[in-house]
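Protein chains in written order, with full-length UniProt numbering: chain D, 1 to 293; chain B, 1 to 293. The beta-carbon is built from N, C-alpha and C at its ideal position, and this holds for glycine as well. All of these numbers come straight from a predicted model, not from anything done at the bench.
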DNA sequence: GGACGTCCATACCCTCAGGGTATCGCGCGA
DNA sequence: TCGCGCGATACCCTGAGGGTATGGACGTCC
């Protein structure tokens, strides 16, 4: 009953595409062997993972579970390999994943503070909009600056750094733009963006970056709820209004669970020491899960 | 550069045995293909994982990392498959892993309390001495009763249930048995047991269960530091004394990180509600990592 | 309603990844 | 110096896993 990672990779592709042909293309192979591999996987596991209709594919309950858990397992494999390779490097470095402009102005202080720590190593910055969390999960990065609740923090540990209220960005002349504030209910039927980093299930029009998103807002294609620091970068033709009942967005520093890296621990300490939110003081039983190292 | 789980499984076997022949035997294969597979893995990863001497094998730094992370990844794969299979079962159940006598007398109350929860499912008990943590990690169990610091909780979330002081168990007539208490320093040079569940690095004479251990104590082969509830089961010919400076042993309920199972969450709540230690009240940033579901 | 398009399954072939056996080479210990 | 223990090398051979061609079921459109 031992399942190969190859089969799991195939299954995840099919489960994500819900289409054997597209999945096969994505995997760089032909459709028939993929069909066969999935069928083999199902009989090795003795579980139906997919419901095939002649018009497509649906996931069974077991398939849903295998998709979620299988992604984690594949990330863990990739992370194991990457971290082992990094461990062989003669001069250790840290990789911090972040989004351009997504540091709430804290980055400089954090880097300075960390650089002052004895034993600090050089820090590489890896800019990405949609993959920062995945980069930490699969070992491409050691740390990431993320936003809660926008990012899915599954599989990561994190500490809060900074809390921002959110504002809605509207095109000038939008019906709601006349008031002084809006509520989430007002935005219920407005077209909203879906970030590539969105948790599964969130719907909306796909966007790839804040700049692109703001252009789409200006053109009246959608409205966007964003942290208020976006006001510094609003293009002409757009206005922002407070959202009375939007959950605040929290900037967090995230790192792989069970990290035992001294460097990661030092960096997290440096980051939280310049944070603007009060730090949790370790008194309870969960405290031991908080800091790596 | 994508590594197969098979290669990782091979590497973990070799890294654990530090001997190609034994590892090959354990894997049910011949030694030459194993050697070749490991060499392939090394060149695919472009990293030296092992130092071969003609008298044996040592791990490189990268090898140490790959061993630790690879175990987690393989557990994650096994867990993905097992949980998917379980999800297909028509009637859901919970599997609780525990050690015989390792419930500090709380089990009955916990099971009763959980059974009273609306939506409770049947609970299977899986008895094991050395593998309870691993069973949760690789999906064989949903929950486990473990002891901190004796068990390695890496990869698991947990809540404390019960704290016990530890006592030393000595054979009658042992030099230390005359006093009224001992210190850890007194025990420094005494032969101590090593449980199968010990964290890596801990040394001592291997034992497989409390009963066996107590017999070995009675025969004067070793001394043992155990939670004080063991006093109820002391065989004749042994005595117990308080250890003034032993870290107390904490009974914890542990479950897989990122579990989203309603049943697991309910069970954890039931367990903590009958616990004898004050529960952590969720106020800080790490609180969200505490309860599944 | 029949022709067509879409999508997954089946049939069949072919290559090489990965396993087996035999043997070598090296270094330690008696 | 001669085993002998252990990993590496050489060589073979099978089947897992990939490819192409085609079938069959089921919507869709004129």
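- By the Cβ rule, the stretch 230-244 of chain B does not count as touching the stretch 55-72 of chain B, because fewer than three pairs are nearer than 8 Å.
- In terms of Cβ geometry, residue 234 of chain B and residue 219 of chain B do not form a close pair [threshold 8 Å].
- The beta carbon of residue 134 of chain B sits no closer than 8 Å to any beta carbon of chain D.
- The CB of residue 4 of chain D comes closer than 8 Å to the CB of 4, 5, 6 in chain B, given here in chain order.
- With a threshold of 8 Å between beta carbons, residue 251 of chain D makes no contact with chain B.
- In this structure residue 82 of chain B is buried. Its beta-carbon is surrounded by 16 or more other beta-carbon atoms within 10 angstroms.
- The Cβ-Cβ distance between residue 143 of chain D and residue 111 of chain D does not fall below 8 Å.
- For residue 56 of chain B, the enclosing beta strand (DSSP E) starts and ends at 56-59.
- With contacts defined by Cβ atoms closer than 8 Å, residue 193 of chain B and residue 205 of chain B form a contacting pair.
- Think of a sphere of 9 Å around the beta carbon of residue 234 of chain D: no beta carbon from chain B falls inside it, the nearest being about 30 Å out.
- Closest by C-alpha distance to residue 168 of chain B, out of B/64, B/276, B/229, is B/229.
- Going by DSSP, residue 51 of chain D is part of the beta strand (DSSP E) stretching over 50-53.
- According to DSSP, residue 97 of chain B shares a beta bridge with B/126, B/144.
- Pairwise C-beta distances place the stretch 97-114 of chain B in contact with the stretch 123-142 of chain B, as three or more of them are shorter than 8 Å.
- The closest CA to that of residue 191 of chain B, considering only B/79, B/172, B/225, B/131, is found on B/225.
- Neighbours of residue 45 of chain D in chain B, taken as residues whose beta carbon is under 8 Å from its own, are 81, 84, 85 in chain order.
- Sequence-ordered contacts of the stretch 99-133 of chain B with chain D are nonexistent [C-beta pairs closer than 7 Å].
- Collapsing the DSSP output to three states places residue 162 of chain B in a strand.
- With a contact defined as Cβ atoms closer than 8 Å, residue 41 of chain D and residue 3 of chain D qualify at about 7 Å.
- Going by DSSP, residue 244 of chain B is part of no beta strand (DSSP E) at all; its letter is neither H nor E.
- If the five residues before and after residue 11 of chain D are omitted, its C-beta is found closer than 7 Å to the C-beta atoms of 38, 41, 49, 66, 70, all from its own chain and listed in chain order.
- Ranked by Cα distance from residue 78 of chain B, the options B/137, B/20, B/28 are led by B/137.
- D/153 is the residue among D/113, D/118, D/153, D/120 whose C-alpha sits nearest the C-alpha of residue 132 of chain D.
- In the three-state DSSP reduction, residue 67 of chain D falls in the helix class (H, G or I).
- Look at residue 194 of chain B here: in three-state DSSP terms it is strand.
- Residue 258 of chain D has a beta carbon lying within less than 8 Å of a beta carbon in chain B.
- For residue 227 of chain B, the enclosing beta strand (DSSP E) covers residues 224-227.
- Contact holds between the stretch 263-272 of chain B and the stretch 146-164 of chain B, because three or more Cβ pairs, one in each stretch, are under 8 Å apart.
- The alpha carbon of residue 209 of chain B has as its nearest neighbour, out of B/246, B/99, B/251, the alpha carbon of B/99.
- For residue 69 of chain D, the closest Cβ of chain B is nearer than 8 Å.
- Cβ neighbours of residue 28 of chain D within its own chain (closer than 8 Å, five residues either side excluded): none.
- Interface annotation, residue 65 of chain D: in contact with chain B, CB-CB separation under 8 Å.
- Annotation for residue 173 of chain B: no residue places its beta carbon closer than 6 Å to its own, counting only its chain and skipping 5 residues before and after.
- Interface annotation, residue 265 of chain D: not in contact with chain B, CB-CB separation never under 8 Å.
- Taking 8 Å as the cut-off, the Cβ atoms of residue 76 of chain B and residue 134 of chain D do not count as close.
- By the Cβ rule, the stretch 43-57 of chain D does not count as touching the stretch 111-120 of chain B, because fewer than three pairs are nearer than 8 Å.
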